[in-house]
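J.:
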Amino acid sequence: MDSVTASLELLVIAYPLVFVVMALFAGLTWGLTKLFPAKE
Numbered sequence: 072m073d074s075v076t077a078s079l080e081l082l083v084i085a086y087p088l089v090f091v092v093m094a095l096f097a098g099l100t101w102g103l104t105k106l107f108p109a110k111e
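Counting in our numbering, the sequence shown runs without a single skipped number right up to 111 at its last residue.
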């Protein structure tokens, strides 16, 4: 297995993972602001 296919497989695995993590953080912050509305 050469480095090109290795990096491609890594990209295929890591790319959707980035979106999953971003969606998770977005949902977490949204849920926290819904639970605890900002006082200021």
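Just so it is clear, CB atoms sit at the ideal spot from N, CA and C, and this is done for glycine as well.
Is DSSP giving P58 helix, strand or coil here?
T.: This structure does not reach residue 58, given that the chain is present from 72 up to 111, and the question cannot be answered.
J.: Between the alpha carbons of L95 and S74, how many angstroms are there, rounded?
T.: Their backbone Cα atoms lie some 31 Å apart in a straight line.
J.: What number of angstroms, rounded off, separates the C-alpha of S78 from the C-alpha of I84?
T.: Each residue's alpha carbon lies about 10 Å from the other.
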